[in-house]
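In order, the protein sequences belong to chains A and B. With the numbering used here, letter number 94 in the first sequence gets 94, and the count goes up by one each step, no holes. With the numbering used here, letter number 65 in the second sequence gets 1065, and the count goes up by one each step, no holes. Each residue gets a CB set at the ideal place from its N, CA and C atoms; glycine is no exception. The structure displayed is predicted, hence computed values, not measured ones.
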Amino acid sequence: AQSVTQLDSQVPVFEEAPVELRCNYSSSVSVYLFWYVQYPNQGLQLLLKYLSGSTLVESINGFEAEFNKSQTSFHLRKPSVHISDTAEYFCAVIRTGGSYIPTFGRGTSLIVHP
Amino acid sequence: KAGVTQTPRYLIKTRGQQVTLSCSPISGHRSVSWYQQTPGQGLQFLFEYFSETQRNKGNFPGRFSGRQFSNSRSEMNVSTLELGDSALYLCASTDLDGPNSPLHFGNGTRLTVT
């Protein structure tokens, strides 16, 4: 079985500062990796995903994540955050050859201060 | 296309009662999954339905059940409610099998058990 660890439950930052949200996974087989975002009072939305190919993937709103197989990590980064980035961020994995049901981390609350 | 619709948005029930939550997936989506979200546990997978059949099941007691209708709409039922069942229940739909098809989440039903 696979598992996902999001090391930080809460990350406070000031607007326009860089941020990194950490995600580590554990799996005996290859995995697909995802980041979802949940804005207040809403469901989750897919932010970006790694399936294969380039290990650096980007979203349309400036976030990026890099798959590091040796460190089993998929950290999410943004060079300059906005107030509107305040949300809960979930890392998720799907193991290859499995049921395509993702396992989610417990989430990291990104709080952007003005 | 309309998004995933969950009803009701809020529910307050008493311990021992039962509750039914409803989910209408995006038109054309045949897979519907249910998740329980709590602050301490994050997102926990309940079950997934595909073409009216339960295809995958998480580690929840038998008090949690679900079904899917021929139009892909899904319901989940929780019987003999406990205080610990208080949570945000999220429904997600997807149109294809495979990691390249993201989950589309509804805004959830917030259940409070008193």
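With 16 other Cβ atoms within 10 Å as the buried cut-off, status of residue i
i	result
residue 29 (chain A)	exposed
residue 1097 (chain B)	exposed
residue 38 (chain A)	buried
residue 1069 (chain B)	exposed
residue 113 (chain A)	exposed
residue 111 (chain A)	exposed
residue 1025 (chain B)	buried
Per DSSP, the bridge partner or partners of residue i
i	result
residue 1104 (chain B)	B:1093
residue 1012 (chain B)	B:1112
residue 1043 (chain B)	B:1037
residue 111 (chain A)	A:12
residue 1075 (chain B)	B:1022, B:1067
residue 101 (chain A)	In the DSSP output, where bridge partners are listed per residue, residue 101 (chain A) has none listed.
residue 20 (chain A)	A:77
Min CB distance residue i to chain A below 8 Å
i	result
residue 1077 (chain B)	no
residue 1018 (chain B)	no
residue 1043 (chain B)	yes
Contacts of residue i in chain B (Cβ-Cβ under 8 Å)
i	result
residue 32 (chain A)	1099
residue 46 (chain A)	1102, 1103
residue 51 (chain A)	1099, 1100
8 Å Cβ cutoff, residue i in contact with chain B
i	result
residue 89 (chain A)	no
residue 41 (chain A)	yes
residue 94 (chain A)	yes
residue 97 (chain A)	no
residue 105 (chain A)	yes
Closer than 7 Å at the beta carbon, the chain B residues around residue i
i	result
residue 100 (chain A)	1097, 1098, 1099
Neighbour list for residue i in chain B, Cβ cutoff strictly below 9 Å
i	result
residue 22 (chain A)	Under the 9 Å cutoff, chain B gives no residues; its nearest Cβ is about 15 Å from residue 22 (chain A).
Neighbour list for residue i in chain A, Cβ cutoff strictly below 8 Å
i	result
residue 1033 (chain B)	101
Chain A contact residues for residue i, given Cβ-Cβ distances below 9 Å
i	result
residue 1084 (chain B)	What residue 1084 (chain B) touches in chain A: nothing, since even the nearest Cβ is about 17 Å away.
Interface residues of chain A facing residue i [CB-CB closer than 7 Å]
i	result
residue 1056 (chain B)	99, 101
> In chain order, which alpha helix (DSSP H) runs of at least 4 residues are fully inside the stretch 34-79 of chain A?
Replying inline: Listed in chain order, nothing qualifies, since the stretch 34-79 of chain A has no complete alpha helix (DSSP H) run of 4 or more residues.
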